[in-house]
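First to last, the sequence lines map onto chains A and B. Residues -5 to 229, numbered by my numbering, are exactly what the first sequence covers, in order. Residues -5 to 229, numbered by my numbering, are exactly what the second sequence covers, in order. This report refers to the structure that appears directly beneath it.
There are 2 protein chains.
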Amino acid sequence: MTDILQSRAPPPQPKNRLSRREPAAKQILEMLRERIVKGDLAPGARIVERTVCAEMNVSRTPLREALKLLAIDGLVQISQHKGATVMPFTPEEALQLFEVLSGLEGLAAELAVSRIANATLADLRAKHDQMRTHFDRGEKDAYFELNSAIHTAIVEAAGNPILASTHHALLLRAKRGRYMAIVDPHRWREAFDEHEAVMDAFAKKDAKRAGEVWRTHLIHTGETVADVLRAAMPD
Amino acid sequence: MTDILQSRAPPPQPKNRLSRREPAAKQILEMLRERIVKGDLAPGARIVERTVCAEMNVSRTPLREALKLLAIDGLVQISQHKGATVMPFTPEEALQLFEVLSGLEGLAAELAVSRIANATLADLRAKHDQMRTHFDRGEKDAYFELNSAIHTAIVEAAGNPILASTHHALLLRAKRGRYMAIVDPHRWREAFDEHEAVMDAFAKKDAKRAGEVWRTHLIHTGETVADVLRAAMPD
DNA sequence: AAAATAAAAATGGCATGCAATTTGATTGTC
DNA sequence: GACAATCAAATTGCATGCCATTTTTATTTT
């Protein structure tokens, strides 16, 4: 490791490193987050400071900062003197996560109905229609992309920044499920129907119904993810 | 302030400092949090690193860590190269905060109705009855104490740790309103009635109604806090 | 007085080193 | 072989020091 440290002093123009484009801490954070979310780092895996420091060629300071933020996000677990490990993602946690998301997004939908601007609603509808196309063609990736965008759009349409940020934080954790969720056709249709129902409620300005439908949608999604996780888990 | 620094070198046995009972960062965090929540540090006030470092006799490292955590909590604002300032607490923010809390606690109430254990429910009722006594006697402090306990108890009865921690984080911010909220008698009665209504819904195992009542209660509380803030603000 | 400029003070973002604590592995003992 | 004692590796929580930026503040200059 001393080699690594030496290798950046001797060079005439030390322009390399990680490049100072972005703070090292942020780069580490994003790198680790992505690897965790994508399942690249297995749940329960230890994250040894020295190792990562050496790999990324940074000191402990930014790494530890990143780890603490990830711990707050619920992606890693830091236990005293045992270091950081990748937080396991269990079916139970998925259910809990989506349960909270249902409360948040259900509220968002309810509020959005009366607060959304016409132009934004039109935009939302456009997204939905485009998503329908992908649904019809069975294009999962494109569908998911728009699906996420729609969920976020509804939350933002509620016009409550605190709601939006709280939602964002939880969604980050929930994304861990996405990469495993190979949707079963029947559930896919059901999910899409729920999206249609919400769009319908928006069109009719039926706030209460929008909220109810959306809450249900989120709960169902949670159950689906939990099922997938259960199926994917050996024990 | 240099006096403070000097005063710890000369002594023979430097046993003081902050005492190493708890991590310095945590002590600073709690100290700052309390002072902000209680309004001891005025909204918008700058928090100068060096000054606080000198006062608390710690280095910048733990202080900056504490500030970052407070920023995540939404109690301080950190702008590039301008440092940390105490986040203002506006009527708008209060409304937003309680709006989100209504989503969270409303969900909690709904879930709790079916998940709460009998013993816990009995405990909850006991708390409520005791609170009624304080209400009748007009004992604000004791009332508020139990009021908080009841809200938290309902959230915990939902049996969802993620919901509980999300709620906890937001409640921390909302507490800033508590210390200014000199309740108007009419609103106080209304609030208490809402508590009664929830207890009633719990008794009848009417989840939906519990959720509705509780959501309304939180929204009303938000409006009350916002009113107080508006009244308390000169501009 | 307004504007331009220079000097000082803060902040951001690290790297490095250290003492205290804890965990784990190694070794020695009964 | 179970159990205790020991020792090395890790981790935590800081302190300290750098250095580049960016305000802020003071000082000059129009």
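Heads up, the beta-carbon is just placed ideally off N, CA and C, and yes, glycines get one too. Note that the structure is predicted; figures quoted are calculated from it, not measured.
Is the Cβ of residue i closer than 7 Å to any Cβ of chain B?
i         : result
Val207(A) : no
Leu242(A) : Any answer about residue 242(A) is impossible in this case: the structure gives chain A only from -5 up to 229.
Leu223(A) : no
Leu166(A) : no
Leu157(A) : yes
Gly216(A) : no
Asn10(A)  : Per-residue confidence for Asn10(A) stands at a pLDDT of 33, beneath the threshold of 50, marking its modelled position as unreliable; the derived number appears in the next sentence. By this cut-off, Asn10(A) is not an interface position.
Looking at the secondary structure, which residues open and close the beta strand (DSSP E) in which residue i lies?
i        : result
Thr79(A) : 77 to 80
Beta-carbon within less than 7 Å of residue i's beta-carbon, same chain only, minus the 5 sequence neighbours each way: which residues are those?
i         : result
Arg27(B)  : Leu64, Leu69
Ala163(B) : Asp67
Ser203(A) : Note on identity: in this sequence residue 203(A) is Arg, with Ser being the wrong assignment. Once the five neighbours on either side are set aside, the close Cβ partners of Arg203(A) are Ala195.
Ala201(A) : Glu104, Val107, Ser108
Val207(B) : Glu188, Ala191, Val192, Ala195
Gly38(B)  : Thr79, Val80, Pro82
Arg232(B) : Summary: the structure shown does not reach residue 232(B), with chain B confined to residues -5 through 229, and so no result is reported for it.
Thr181(B) : According to the sequence shown, residue 181(B) is Arg rather than Thr. Same-chain partners within the cutoff: Thr218.
Ala158(B) : Val149, Glu150
Gln124(A) : Leu140
Just grab the DSSP bridge partners of residue i for me.
i         : result
Gln71(B)  : Thr79(B)
Arg230(A) : The first residue shown for chain A is -5 and the last is 229, placing residue 230(A) beyond what the model contains.
Examine the ligand COA and report whether any of its heavy atoms sits within less than 6 Å of the Cβ of residue i.
i        : result
Glu49(B) : Ligands are entirely absent from the displayed structure, and the ligand COA is therefore not among its contents.
Who are the Cβ neighbours of residue i in its own chain at under 6 Å, not counting the five residues just before and after it?
i         : result
His211(B) : Glu188
Ser96(A)  : Arg209, Leu212, Ile213
Ile41(B)  : Ala78
Leu98(A)  : His161
Ala136(A) : His128
Ala147(B) : Leu118
Gly171(A) : Ala88, Val219
Ile110(B) : Ala151
Gln261(B) : In the structure as shown, chain B starts at -5 and stops at 229, and residue 261(B) therefore has no counterpart that could be examined.
Gly100(B) : Gly205, Trp208, Arg209
Val31(A)  : Lys169, Arg170
What are the boundary residues of the alpha helix (DSSP H) that includes residue i?
i         : result
Lys121(A) : 112 to 131
Lys169(B) : 155 to 172
Thr215(A) : 201 to 226
Gly97(A)  : 85 to 109
Glu24(A)  : 18 to 31
Lys198(A) : Counting along the chain, Lys198(A) falls outside any alpha helix (DSSP H), and DSSP gives it neither H nor E.
Asn141(A) : 134 to 151
Give me, in chain order, the residues of the same chain whose beta-carbon lies closer than 8 Å to that of residue i; leave out the 5 immediate sequence neighbours on both sides.
i         : result
Asp34(B)  : Glu28
Pro17(B)  : Pro56
Asp193(B) : Checking the sequence, you will find Met at residue 193(B) rather than Asp. These residues qualify, in order along the chain: Leu118, Arg119, His122.
Asp221(B) : Pro85
Ala36(A)  : Val80
Any beta carbon from chain A within less than 7 Å of residue i's own beta carbon?
i         : result
Thr160(B) : yes
Val219(B) : no
Gln0(B)   : Confidence at Gln0(B) is low in this model, with a pLDDT of 30, below 50, so the placement of that residue is unreliable and no value is reported for it.
To be precise: take each residue of the stretch 70 to 101 of chain B, compare its Cβ to all Cβ atoms of chain A, and keep it if any distance is under 8 Å. Which residues remain? Only those residues of the stretch 70 to 101 of chain B whose C-beta falls short of 8 Å from the nearest C-beta of chain A are listed: Glu87, Gln90, Leu91, Glu93, Val94, Ser96, Gly97, Leu98, Gly100, Leu101.
Chain-ordered residues of the stretch 28 to 49 of chain B with a beta carbon less than 9 Å from chain A: Within the stretch 28 to 49 of chain B, no residue has a Cβ that lies closer than 9 Å to any Cβ of chain A.
Beta carbons nearer than 8 Å to chain B: which residues of the stretch 139 to 155 of chain A have them? Within the stretch 139 to 155 of chain A, the qualifying residues are Asn154, Pro155.
If you measure beta-carbon to beta-carbon, which residues of the stretch 56 to 68 of chain B are closer than 7 Å to chain A? Against chain A - using a Cβ distance shorter than 7 Å - the residues of the stretch 56 to 68 of chain B are Ile66.
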